[in-house]
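See structure below.
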Amino acid sequence: MISGLMVGGHAHFDAKIPLSAAWNGQYNLNQFGFMRPQGPHMPVTEAYVAIPPALWIRDSENALWTLGFDYDEREWRTGKFEYDVVRNGRKTGDFCRVIEYRAGKVRIWGADGGTCKWRTFNGRCFV
Amino acid sequence: MAREFNVSTGNATLQGSLMLVFLHSSGAPAFNIEILRWWCGQAANATSAQQFIRIESQVTSFPTLTSATPASLKRQDANVSTLVGSTNGFAGTAGVNSSTDNAGSKTQILDDAFNVLNGWLQVPTPPETIVAPAGYASGVGMRTPTSVATTTGWAFGCQFREV
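Chains as they are written, first to last, in the numbering used here: chain H, 1 to 127; chain E, 1001 to 1163.
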């Protein structure tokens, strides 16, 4: 089942959605400690690192990117699973199969409008 | 989907090349345990280093763990896991960050390595998920088979569902 109502390719955050791992788009960082932003001592992630198999990416703004736990059950059943994209413990509203850091940009691979493609984070959203 | 749970810890200090997370399914006829995700990473060591990681089963004599109660993954899922937090690794229990491995025979299921700066996330596609059936004599866990360079600041866990 879709844990966030998809509207125009973006998840609609609603605290009343019963089966989301997040609450109002925010993950509990005590429960999911790996989503917590790390200190400035940790370096920016190297280029071409991808999630999975990496757990996280730290971009040049020291933001921590990772995959969340909400997924589309229909995609899961086909093996083409997509999870929510999480930045500093907060859902971005996008779902993807891979997050990659390349040329200083965070980009995601996932379905968008019926086809799979790469979309790059422009500082506000993935386009 | 309901009945999804996670067992995890954050900012942990490891005690050696030991078991990070250990699950042992309950006796039949309870739910089977299907493990959907494993993760492991640290935020203390800022120096690039490779680290081995292993998924394995252990039988008969189990690690001595820190008790960890499975938390419902979905906030409004009222179900409670059939596993309870415990330090002994017996059937129907879950725990993290062992202090002693004990002598139980171990069987490797999956070996991998990762850079400690990037962490490790294993999300098996559905046919590749590990299922520990109810009544399974062994527990299943994730360990660092070699000592880590820096023992502090680790976060690790697993997500499973009961089917």
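Backbone N, C-alpha and C define an ideal beta-carbon position, used for all residues, glycine too. From a predicted model like this one, the values you see are computed outputs, not experimental measurements.
Review point. Thinking just about the alpha-carbon of each residue, which of T1146(E), F1052(E), S1067(E) is nearest to the one in V1007(E)?
Key: Of T1146(E), F1052(E), S1067(E), the residue nearest in Cα terms is S1067(E).
**Study point:** Neighbouring residues, chain H, relative to E1051(E) (Cβ below 7 Å)
**Key:** It should be pointed out that residue 1051(E) corresponds to Gln in this sequence rather than to Glu. Near Q1051(E) there are no residues of chain H at all, since even the closest Cβ is about 12 Å away, more than 7 Å.
Review point. What residues in its chain sit with their C-beta under 8 Å from that of L1018(E), if we drop five residues either side in the sequence?
Key: If we look at L1018(E) and ignore the five residues flanking it on each side, its Cβ neighbours are P1063, N1097, S1098, S1099, T1100, D1101, R1143, T1144.
Review point. At least one CB of chain E closer than 7 Å to the CB of G33(H): is that the case?
Key: It does; some Cβ of chain E falls within 7 Å.
Check your understanding: Is Q1159(E) near R1075(E), with beta carbons less than 7 Å apart?
Key -> The Cβ-Cβ distance between Q1159(E) and R1075(E) does not fall below 7 Å.
Check your understanding: Does the beta-carbon distance from V85(H) to I108(H) come in below 7 Å?
Key -> Cβ atoms of V85(H) and I108(H): closer than 7 Å.
Practice item. Could you say which of C96(H), Y27(H), G39(H), N28(H) lies nearest to A63(H) if we only look at CA atoms? Key: Measuring C-alpha to C-alpha distances from A63(H) to each of C96(H), Y27(H), G39(H), N28(H) identifies G39(H) as the nearest.
**Study point:** Nearest-angstrom Cα separation, counted from Q31(H) out to S1048(E)
**Key:** S1048(E) and Q31(H): Cα-Cα distance of roughly 27 Å.
Exercise for review: Would you kindly check if the distance between the Cβ of G1041(E) and the Cβ of F34(H) is under 7 Å?
Suggested key: Between F34(H) and G1041(E), the C-beta spacing is below 7 Å.
Review point. At what residues does the beta strand (DSSP E) containing Y83(H) begin and finish?
Key: For Y83(H), the enclosing beta strand (DSSP E) starts and ends at 83-87.
Check your understanding: Do Q1076(E) and the ligand NAD come close, with the Cβ less than 6 Å from some heavy atom?
Key -> As presented, the structure is devoid of all ligands, the ligand NAD included, so that no description of it is given.
Point to revise | Runs of alpha helix (DSSP H) lying entirely within the stretch 1119-1146 of chain E, each at least 4 residues, in chain order | key: Here no run is fully enclosed.
Point to revise | Local Cβ density within 10 Å of V1080(E), reported as buried at 16 or more and exposed below that | key: Exposed: under 16 other Cβ atoms inside 10 Å.
Point to revise | Cβ separation of I1130(E) and I1035(E), assumed to be a contact under 8 Å, to the nearest whole Å | key: About 5 Å; that satisfies the 8 Å criterion.
Exercise for review: Can you say whether T1107(E) is buried or exposed, counting buried as having 16 or more other CB atoms within 10 angstroms of its CB?
Suggested key: Around the CB of T1107(E), fewer than 16 other CB atoms lie within 10 Å, so the residue is classed as exposed.
Exercise for review: Check each residue of the stretch 1108-1123 of chain E: if its Cβ is closer than 9 Å to any Cβ of chain H, include it; give the result in chain order.
Suggested key: Against chain H - using a Cβ distance shorter than 9 Å - the residues of the stretch 1108-1123 of chain E are D1112, F1114, N1115, L1117, N1118, G1119, W1120, L1121, Q1122, V1123.
Review point. Hey, V1123(E) and P52(H) are a contact pair by Cβ (cut 8 Å); roughly how many whole angstroms apart?
Key: Yes, they are in contact, since the Cβ atoms of V1123(E) and P52(H) sit about 5 Å apart, within 8 Å.
Review point. Under the three-state reduction of DSSP, which class applies to G1157(E): helix, strand or coil?
Key: In this structure, G1157(E) counts as strand in the three-state DSSP scheme.
Practice item. Establish whether the CB of W23(H) and some CB of chain E are separated by less than 7 Å. Key: Answer yes: the Cβ-Cβ gap between W23(H) and chain E drops below 7 Å somewhere.
Practice item. Pick helix, strand or coil for M42(H), following the three-state DSSP scheme. Key: In the structure shown, M42(H) sits in coil (DSSP, three-state: anything other than H, G, I, E or B).
Review point. Three-state secondary structure (DSSP) at G1085(E)?
Key: Three-state result, G1085(E): strand.
Practice item. Answer with yes or no whether the minimum CB distance from V85(H) to chain E is below 7 Å. Key: The beta carbon of V85(H) sits no closer than 7 Å to any beta carbon of chain E.
**Study point:** Enclosing beta strand (DSSP E) for L1110(E) [first to last residue]
**Key:** Note, L1110(E): beta strand (DSSP E), 1106-1115.
Check your understanding: Taking 7 Å as the CB-CB cut-off, is W1039(E) touching chain H?
Key -> Yes, because at least one Cβ of chain H sits closer than 7 Å to the Cβ of W1039(E).
Check your understanding: Who are the neighbours of Q38(H) on chain E, taking C-beta pairs under 7 Å?
Key -> Here the neighbours are A1043.
Exercise for review: Measure from the C-beta of K1074(E) to each C-beta in chain H and report whether the shortest distance is under 7 Å.
Suggested key: Chain H, which has a Cβ nearer than 7 Å to the Cβ of K1074(E), makes this yes.
Check your understanding: In chain order, what residues of the same chain have a beta carbon less than 7 Å from the beta carbon of R119(H), not counting five sequence neighbours either side?
Key -> Here the set comprises R107, I108, D112, F126, V127.
Check your understanding: Where G110(H) and A47(H) are concerned, what is the direct C-alpha to C-alpha distance, given to the nearest angstrom?
Key -> Distance between the alpha carbons of G110(H) and A47(H): 20 Å.
Review point. Closest to A1012(E) by CA distance: which of G1157(E), R1161(E), A1134(E) is it?
Key: For the residues G1157(E), R1161(E), A1134(E), the minimum Cα distance to A1012(E) belongs to G1157(E).
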